[in-house]
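Numbering-wise (my numbering), the sequence shown opens with residue 10 and increments by one.
Each residue gets a CB set at the ideal place from its N, CA and C atoms; glycine is no exception.
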Amino acid sequence: MGRVFFHIKQGFALAALLTLTAAPGVSQVGDSPAHGIAMYGDPALPPDFVSLPHVNPDAPKGGRIVFGESGSFDSLNPFILKGRAPAGLAALTVESLMGRSYDEPFTLYGLLAESVTTDAARTYVEFTLREEARFSDGSPVTVEDVRWSFETLGTLGNPRYHTAWTKIARTDVTGPRSIRFTFNTTDRELPLILGLRPILQKAQWEGKAFDQSTLEASIGSGPYVVGPFETGRYISYVKNPDWWGKDLPFNRGQHNFDEVRYDYFGDGGVVFEAFKGGLITSWRETNPAKWASSYDWPEVADGTIVKSEIPHSRPSGIEGFVMNTRRPLFQDWRVREALILAFNFELVNQTLNGGATPRIASYFGNSPLGFPPGTPAEGKVAELLAPFQADLLPGALEGYSLPTGDGTLANRRNIRAATALLADAGYTIDAGVLKDPSGQAVSFEILLVNGARDMISAAEIYIESLKRLGITARVTTVDNAQYIERTNTYAFDMTHYIRSLSLSPGNEQTLYWGSAGVTEPGTRNWMGMNSPAAEAMIQTMLNASDPETFTAATQALDRVLTTGRYVVPMWYSDVSRLAHRKELRFPDRPPLYGDWIGFQPDVWWYEQ
């Protein structure tokens with residue numbers, strides 16, 4: 010009792026879903042207003058759909074869910090670089106013009122907008138607002154709010170909003186509730202990206218500096234408003250009883266709790282103890298060894314706490330120790346490969362996870378968008394990479410697989426291979442100390458957040474392995490605020506790095522891997538990579554008019570990223586492990602993104 014497992018085999022369906030055929034009677038091109046838009050093909054749901062397929066449309070309303078977070082927060086503006094905003098703020102209180110269905114690779118349906126119009130080439134997009142759309146203060150959502158939000162976010166907001174704004178050539182108000190954006194470049198994803206931009210109230214910000222940290226919450230149109238909070242300790246989001254969108258078919262079965270609360274604690278270990286003590290009602294477990302052995306208190310045994318495993322088929326993404334190539338030490342790929350060889354994954358995985366988690370093989374692994382490890386590039390993938398052959402690193406075309414160790418403490422084979430690479434790069438050993446070509450001893454810092462216990466343990470094992478190469482490494486831990494400041498300005502040698510990736514990669518890839526991030530602060534290009542091949546593959550993805558080209562471009566990008574050897578890859582989980590109070594329920598039918606139902610609290614509900 011007390012343990013619930015959900016199983017679904019979805020991998021075989023993903024490629025088919027990437028080639029969705031047109032739904033009868035639904036059109037997203039040809040300058041006709043439509044209820045939705047898909048990256049390829051047409052939306053799967055008809056205009057008169059009554060709810061999304063992966064929700065419980067009859068989910069009861071009420072109750073509360075309480076989460077625990079490590080760290081702190083000091084701002085209520087989640088749309089800028091300055092300050093640290095609390096979890097859930099943007100998602101729960103602010104809406105976009107369109108909303109995403111996680112049962113399709115990349116399809117949006119009208120939310121604030123009742124319709125979307127574009128042409129076959131997607132040279133523009135026009136949105137028509139719903140007449141009934143309202144902010145939480147009762148004022149209507151207008152086209153001026155949309156125009157102001159796009160411009161403000163695109164110029165003063167977080168850099169992740171900037172790229173799309175630079176691709177807009179002209180903005181035109183075409184009717185009392187309609188606004189059109191004409192583009193200056195080819196980008197088939199752009200109508201969808203704009204459809205997901207948060208819409209804020211222009212009037213609230215008149216005379217105020219949007220790009221400054223503040224404890225005044227944005228007035229949004231979402232299902233919740235900010236309730237009681239104490240900076241750095243907790244925040245409560247309470248359901249807006251007058252929420253304009255509660256009867257929309259898109260929202261049916263979603264946003265069911267009366268209150269969503271986040272409590273903040275010192276570190277992840279304290280959060281877990283708070284869950285065991287009943288202070289929070291849901292906990293996401295990332296350690297499979299702990300999942301198997303540490304849930305032995307009475308409430309688990311009697312079913313008061315339920316353990317749920319929710320599988321998924323989304324890409325593994327990348328997690329590991331990223332090397333900052335702005336530092337001279339990490340600019341040579343042979344050094345980076347040596348440092349990957351030195352990481353004793355098999356030992357680390359056994360020590361921390363009981364050997365239960367698979368290693369990340371590539372950025373888009375675990376999905377049809379990843380390249381098969383060890384195989385040469387062929388067909389369209391090889392064709393796309395061919396113009397960049399002279400600049401590609403070894404393995405991109407020929408095939409590449411991560412080195413594997415023998416699981417022993419010595420890891421001799423990999424250490425020998427790493428030593429040979431370092432010697433080839435001009436490094437020498439002097440009295441047991443590795444020295445670079447200029448004669449300087451090799452040392453670096455691994456920057457981590459206070460309380461990141463698993464990462465600190467992994468780094469400590471890694472440091473011992475590095476000693477076998479004559480390298481001195483050290484761990485430095487800082488609080489969340491310092492960590493954000495240092496990573497935003499790339500003031501680190503090596504640090505823990507996570508980038509979650511989806512089945513519909515697009516413009517965000519430029520923020521992750523684009524060359525502007527080498528010098529521009531606040532991007533997600535922490536490694537500082539500058540790869541014309543990667544940027545060309547991203548452009549091909551964005552301009553692809555068929556799923557075959559899109560998939561080939563993504564697989565080619567995956568090869569460039571993986572063989573770039575920027576990250577020492579760790580592990581990923583192909584399931585979400587959630588422990589929660591038995592009153593917290595979720596739908597039986599997983600969507601395409603299987604563990605989206607694990608991304609609380611959207612489709613969950615409270616039931617006695």
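Just to confirm my understanding: we take R139, look at its own chain, exclude 5 residues before and 5 after, and list those with CB closer than 6 Å. What are they?
Here residue 139 corresponds to residue number 130 of the sequence shown, with the count starting at 1. Leaving aside the five residues that flank R139 on each side, the residues in its chain whose CB is nearer than 6 Å to its CB run, in chain order, E123.
For R462 and G277, I'd like the C-alpha separation in whole angstroms.
Here residue 462 refers to the residue found at position 453 of the sequence shown. Here residue 277 refers to the residue found at position 268 of the sequence shown. Taking the straight line from one Cα to the other gives about 8 Å.
Just verifying my parser: in three-state terms, what is the DSSP assignment at V150?
Start at 1 with the first residue of the sequence shown, and residue 150 comes out as number 141. Residue state, collapsed to three classes: coil.
Pull up the distance between the alpha-carbon of V487 and that of E592, whole angstroms please.
Locating residue 487 in the sequence shown gives position 478, counting from the first residue. Locating residue 592 in the sequence shown gives position 583, counting from the first residue. If I take the Cα positions, the gap works out to 37 Å.
Going straight from the alpha carbon of I74 to that of A99, what length do you get?
Working through the sequence shown from its first residue, we reach residue 74 at position 65. Working through the sequence shown from its first residue, we reach residue 99 at position 90. If you take the alpha carbons of I74 and A99, they lie about 17 Å apart.
Take L424 and list the residues in its own chain whose beta-carbon comes closer than 8 Å to its own, dropping the five residues that flank it on each side.
Walking along the sequence shown from the start, residue 424 turns up at place 415. Sequence inspection shows Ile at residue 424; the Leu mentioned does not correspond to that position. By the criterion of a C-beta distance shorter than 8 Å, I424 is surrounded in its chain by L350, A351, S474, R477 and L478, once the five residues flanking it on both sides are discounted.
Quick test of your reading: G329 and V576, contact by CB under 8 Å. State the CB separation rounded to the nearest angstrom.
Walking along the sequence shown from the start, residue 329 turns up at place 320. Walking along the sequence shown from the start, residue 576 turns up at place 567. The Cβ separation is near 4 Å, so the contact holds.
Use the C-beta contact count for G619: other C-beta atoms within 10 angstroms, 16 or more gives buried, fewer gives exposed.
Residue 619 cannot be examined here, being either before or after the span of the chain that is shown, 10 to 617.
Between the stretch 104 to 123 and the stretch 203 to 218, do three or more beta carbon pairs fall short of 8 Å?
yes
Rounded to whole angstroms, what's the CA-CA distance from P168 to A545? Just pull it up for me.
Translated into positions along the sequence shown, residue 168 becomes position 159. Translated into positions along the sequence shown, residue 545 becomes position 536. Distance between the alpha carbons of P168 and A545 is about 21 Å.
Exposed or buried, which one is W613 when buried takes at least 16 other CB atoms within 10 Å?
Residue numbering aside, residue 613 sits at position 604 when the sequence shown is read from its first letter. Answer is buried; the Cβ neighbour count reaches 16.
Counting only runs that start and end within the stretch 32 to 81, where is the beta strand (DSSP E) found for 3 or more residues in a row?
Listed in chain order, they are 45 to 47 and 73 to 79.
Excluding five sequence neighbours on each side, which residues of the same chain lie with their C-beta closer than 7 Å to the C-beta of T290?
The sequence position of residue 290 within the sequence shown is 281, counting from 1. Contacts found: I74, V75, H589, R590 and L593.
What are the boundary residues of the beta strand (DSSP E) that includes K444?
Mapped onto the sequence shown, residue 444 falls at position 435. Looking at the DSSP string, the run of the beta strand (DSSP E) that includes K444 is V442 to K444.
Judging by CA-CA distance, which residue of A434, G435, D433 and A450 is the nearest neighbour of G441?
The residue you call residue 441 lines up with position 432 of the sequence shown. Nearest of A434, G435, D433 and A450 to G441, Cα basis: A450.
Once you ignore the five residues that flank L201 on each side, which residues in its own chain have a CB closer than 7 Å to its CB?
Here residue 201 refers to the residue found at position 192 of the sequence shown. Excluding residues within five positions, the ones whose Cβ falls inside 7 Å are I46, M48, F115 and L117.
Measuring straight from C-alpha to C-alpha, what distance separates R51 and A43?
Here the question's residue 51 lines up with position 42 in the sequence shown. Here the question's residue 43 lines up with position 34 in the sequence shown. Looking at the sequence shown, residue 51 is not Arg but Asp. D51 and A43: Cα-Cα distance of roughly 10 Å.
Could you check what DSSP says for K638 in three-state terms: helix, strand or coil?
The structure shown has nothing for residue 638, since the chain only spans 10 to 617.
Considering only the beta carbon of each residue, do T366 and P412 sit closer than 8 Å?
As a working note, residue 366 is residue 357 in the sequence shown. As a working note, residue 412 is residue 403 in the sequence shown. In this structure, T366 lies away from P412, with their beta-carbon atoms at least 8 Å apart.
To the nearest whole angstrom, what separates the beta carbons of S84 and T223, a pair I think is in contact under 8 Å?
Sequence index remark: in the sequence shown, residue 84 carries index 75 (1-based). Sequence index remark: in the sequence shown, residue 223 carries index 214 (1-based). In this structure S84 is in contact with T223, their Cβ atoms being roughly 6 Å apart against a cut-off of 8 Å.
Between V269 and P610, how many whole angstroms is the CB-CB distance? I'm expecting something under 8 Å.
Locating residue 269 in the sequence shown gives position 260, counting from the first residue. Locating residue 610 in the sequence shown gives position 601, counting from the first residue. Correct: roughly 5 Å between the Cβ atoms.
Taking G119 as part of the beta strand (DSSP E), name the residues at either end of that continuous run.
Here the question's residue 119 lines up with position 110 in the sequence shown. Segment T116 to G119, the beta strand (DSSP E) holding G119.
To the nearest angstrom, how far is it from the Cα of S376 to the Cα of P320?
To locate residue 376, count along the sequence shown from 1; it is residue 367. To locate residue 320, count along the sequence shown from 1; it is residue 311. A direct Cα-Cα distance of roughly 13 Å separates S376 from P320.
Contact between the stretch 299 to 310 and the stretch 490 to 508: three or more CB pairs below 8 Å?
no
Quick check on this structure: which residue in R186, I480, T172 and Q210 has the alpha carbon closest to the alpha carbon of F192?
Taking the sequence shown and counting its residues from 1, the one referred to as residue 192 is at position 183. Looking at the Cα atoms, T172 is the closest of the given residues.
How big is the Cα-Cα spacing for A419 and N260?
By 1-based counting over the sequence shown, the position of residue 419 is 410. By 1-based counting over the sequence shown, the position of residue 260 is 251. Approximately 56 Å between the Cα atoms of the pair.
Between the beta-carbon of Q221 and the beta-carbon of K70, is there less than 8 Å?
In the sequence shown, counting from the first residue as 1, residue 221 sits at position 212. In the sequence shown, counting from the first residue as 1, residue 70 sits at position 61. Taking 8 Å as the Cβ cut-off, Q221 and K70 do not qualify as a contacting pair.
Ends of the alpha helix (DSSP H) at W8?
Here the chain covers residues 10 to 617 and nothing more, so residue 8 does not appear.
Between T240, T195 and F58, which lies nearest to G515 when the distance is taken from Cα to Cα?
Residue numbering aside, residue 515 sits at position 506 when the sequence shown is read from its first letter. Selected option, being the one with the closest Cα: T195.
Rank N65, F373 and T295 by C-alpha distance to the C-alpha of L587 and give the top, closest one.
In the sequence shown, the residue the question calls residue 587 occupies position 578. Selected option, being the one with the closest Cα: T295.
Identify the continuous alpha helix (DSSP H) that holds V390 and give its terminal residues.
Position 381 of the sequence shown holds residue 390. Start and end: G388 to L394.
CB-CB under 8 Å to T485, same chain, minus the five flanking residues each way: which ones, in chain order?
Numbered from 1 along the sequence shown, position 476 holds the residue referred to as residue 485. Closer than 8 Å at Cβ, skipping near neighbours: E454, I455, L456 and L457.
The ligand NAP and G416: does any heavy atom of the ligand fall closer than 7 Å to the residue's C-beta?
In the structure shown, the ligand NAP is absent, as is every other ligand, since no ligand is present at all.
Mind checking V59: buried by the 16 CB within 10 Å criterion, or exposed?
Reading the sequence shown from its first residue, position 50 is the one you call residue 59. Its Cβ having fewer than 16 others within 10 Å, V59 is exposed.
What's the gap between the Cα of R483 and the Cα of S466?
In the sequence shown, counting from the first residue as 1, residue 483 sits at position 474. In the sequence shown, counting from the first residue as 1, residue 466 sits at position 457. Each residue's Cα considered, the two are about 12 Å apart.
Using CA atoms only, rank isn't needed, just tell me which of Y243, R335, R343 and N459 is closest to L430.
By 1-based counting over the sequence shown, the position of residue 430 is 421. It is R343.
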